[in-house]
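Protein chains in written order, with our numbering: chain A, 1069 to 1403; chain B, 1069 to 1403. Every residue gets a Cβ at the ideal spot worked out from N, C-alpha and C, and that includes glycine. Given the structure is predicted, the values throughout are model-derived calculations rather than measurements. Structure first, commentary second.
Pasting the structure below:
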């Protein structure tokens, strides 16, 4: 699988809104030891890291420039090219996870070839992914699933991995999306794999391991999503999780961008996940719910988590807030 | 979508077993008006069509040579190259649906470019497939689903389309796999689409149509299949069928090639399909079961279909055998 050159210089282009800097913020928050600094064009947003040019970052130990922002449409703007070539000249590789590919930019490709540097497109899956074989693998696995996209499956998996390790449990975060892959330094871009091989790709992502080792796998999409449910099911089958944690955002009523589709009830989402997941792991269970309460006050968040926990008879917590509820969720995962 | 040059000359290579000639047999049985003849290398099997060289086929009106056999491993053997080049020289395009690509064979590619002929790899999806939007489309849709791969989903969809048309109902067969695409002259190779776009590809395959028009869509994989369920779910969501017909082979106990996985119970397979399909079409219903009774005698087949129909309270028929049971299944689809 992918093995990325680190540490990184985070490039933010001239994107003015932090909302587009999800990748850079994720890296800063979850892999700070791998983030040397940030670099922007005039007008670009800062994420409060040391401001370093490509040459300064190289001198400070950086090995790659990471494009840390998404653009509307997923393209790499042509006016970013001079900075990208400057980075190659400074001795940095370039890493990007956008739909547009670095390797499809002829000038950039020529510069990289001339300078002996790598252009790493995170969304290009590795070659030779096998068809899934469905065979039981040793070791323990947890998969974060969701009622929708983009509501905390990656953060939840990262927070649980950190909590497991803090308890002395051997655990690895397994990344299935571009930001997660940059944080972990490797993983599988599930959304870019050809459909027939998607379950096999998920099997590759969490290989056999020691009996007491946990793979904590970042989920993708949602089984109730009208466009991405197939990816979610392939990841569920191939991950064969022992434990799922359902991620939910109570401020969201409809699938993001799909106003014809109400979010599923939490019980329905859990029940459907367990029914489908039991096909490749009959012992699958739900440890609880990760509630994204970023739109609520602390008091509202605590109240909602407690109410939902009582309704479902399961631990419910916001990993970003931590506290006793999150401890209970972690204990339930490991029980 | 794909639009293939027809009629065809069917090329069978030097494959000695009919079991590998599934594509050629499907074309002969379901698109005889598009099959001018067959051509083999020494040792190859015949499927009882007129034997014509590429030049003779061209003179008889053929527009393309189709590779009508699968090879173990999906490769195109190097010793077939002279015949393929002979076909290009005779003025035929070449169509293939194997995992290996015609366009990846440098000598063949050079010959096609020199001669101004097309190399059409069926498993290469069209560019610019959109993300699924989940919006309700006009017209009626039927999807064949299965308890496993390779047990009659394509044949069932073709037989139902033919029966609909014979009743004066406007209907089109919509192909989702390589043999079906060759029969239909177009379609969508679902197994080759990148996972994120699979539901969008299924939406493309059955576009909005007149209110009384039926798209009869060839299913892929199975929701209970440990490797391919994601493809099946994307096709189900994107097809948003009004009606499903479940295809089953009673001689099969395990998923083909997966002896750890028992085939699901018919009720469970229907129930799970309706539960998942209701997400994009709340009015989805099951019209009945298509039973592949090729391993049974006529009397055994009739008895099994009648017994299963009584158990499920649904029509159950083998479309290859036809008869009153199949008429009942067709009526239930259109009810």
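Chain-order list of chain A residues neighbouring residue 1202 of chain B: 1294, 1295, 1326, 1328 and 1329, by C-beta distance under 7 Å. Taking 8 Å as the upper bound for CB-CB distance, residue 1383 of chain A and residue 1355 of chain A are in contact here, some 7 Å apart. Here residue 1285 of chain A is near residue 1309 of chain A, since their CB atoms are less than 8 Å apart. A Cβ of chain B is located within less than 8 Å of the beta carbon of residue 1199 of chain A. In this model, residue 1311 of chain B and residue 1211 of chain B are separated by some 7 Å (Cα to Cα). A residue is called buried when at least 16 other Cβ atoms come within 10 angstroms of its Cβ; residue 1204 of chain B does not meet this threshold and is exposed.
Taking the Cβ atoms as the reference, residue 1166 of chain A lies roughly 18 Å from residue 1115 of chain A, outside the contact range of under 8 Å. The stretch 1264 to 1273 of chain A makes contact with the stretch 1294 to 1304 of chain A; the number of CB pairs closer than 8 Å reaches 3 or more. Within chain A, 1294 have C-beta atoms less than 8 Å from the C-beta of residue 1348 of chain B, given in sequence order. Residue 1144 of chain B and residue 1325 of chain A have their C-alpha atoms spaced approximately 44 Å apart. Using a Cβ-Cβ cut-off of 9 Å, residue 1258 of chain A is close to 1263 and 1264 of chain B, given in chain order. Setting aside the 5 residues that flank it on each side, residue 1147 of chain B has no residue in the same chain whose C-beta is closer than 7 Å to its C-beta. Residue contact check for residue 1305 of chain B against chain A: a CB pair falls below 8 Å.
Along the stretch 1376 to 1399 of chain B, there is no position whose C-beta sits under 7 Å from a C-beta of chain A.
Contact annotation: in the stretch 1356 to 1370 of chain B, no residue has its CB less than 8 Å from a CB in chain A. Of the candidates A:1276, A:1191 and A:1154, the residue whose Cα lies closest to the Cα of residue 1169 of chain A is A:1191. Residue 1103 of chain B carries a strand assignment under DSSP once its states are collapsed to helix, strand and coil. Rounded to the nearest angstrom, the gap between the Cα atoms of residue 1317 of chain A and residue 1171 of chain A is 36 Å. For the stretch 1133 to 1152 of chain B, the beta-carbon criterion of a distance under 9 Å to any beta-carbon of chain A is satisfied by none of its residues. Against chain A, a Cβ distance below 7 Å from residue 1299 of chain B picks out 1263, 1264 and 1298.
For a cut-off of 8 Å, the C-beta gap from residue 1184 of chain A to residue 1315 of chain A is around 42 Å, too long to register as a contact. Distances from the CA of residue 1275 of chain A to each of A:1125, A:1091, A:1197 and A:1222 were compared; the closest alpha carbon is that of A:1197. For residue 1248 of chain B, the secondary structure class from DSSP, reduced to helix, strand or coil, is helix. Take residue 1369 of chain A, set aside five residues on each side of it, and the residues of its chain with a beta-carbon closer than 7 Å to its own are 1361, 1386 and 1389, in chain order. Along the stretch 1236 to 1260 of chain A, going in chain order, the ones with a CB nearer than 7 Å to a CB of chain B are 1258, 1259 and 1260. From the listed residues A:1104, A:1313, A:1085 and A:1277, the smallest Cα separation to residue 1140 of chain A is found for A:1085.
Under the three-state reduction of DSSP, residue 1197 of chain B is assigned to coil, being neither helix nor strand. The beta carbon of residue 1337 of chain A sits no closer than 8 Å to any beta carbon of chain B. A residue is called buried once 16 or more other Cβ atoms fall within 10 Å of its Cβ, and residue 1349 of chain A is buried on that count.
Residues of the stretch 1268 to 1283 of chain B that bring their beta carbon within less than 8 Å of a beta carbon in chain A comprise 1268, in sequence order. Between residue 1096 of chain A and residue 1117 of chain A, the C-beta gap is smaller than 8 Å, which places the two residues in contact. Per DSSP, residue 1274 of chain A has no beta-bridge partner at all.
In this structure, the alpha-carbon of residue 1244 of chain A lies about 7 Å from that of residue 1288 of chain A. Looking from the CA of residue 1381 of chain B, the closest CA among B:1357, B:1263 and B:1322 belongs to B:1357. For residue 1302 of chain B, the nearest beta carbon of chain A is closer than 8 Å to its own beta carbon. Close CB contacts of residue 1113 of chain B within its chain, under the 7 Å cut and outside five residues either way in sequence, are with 1080, 1083, 1084, 1085, 1086 and 1089 (chain order).
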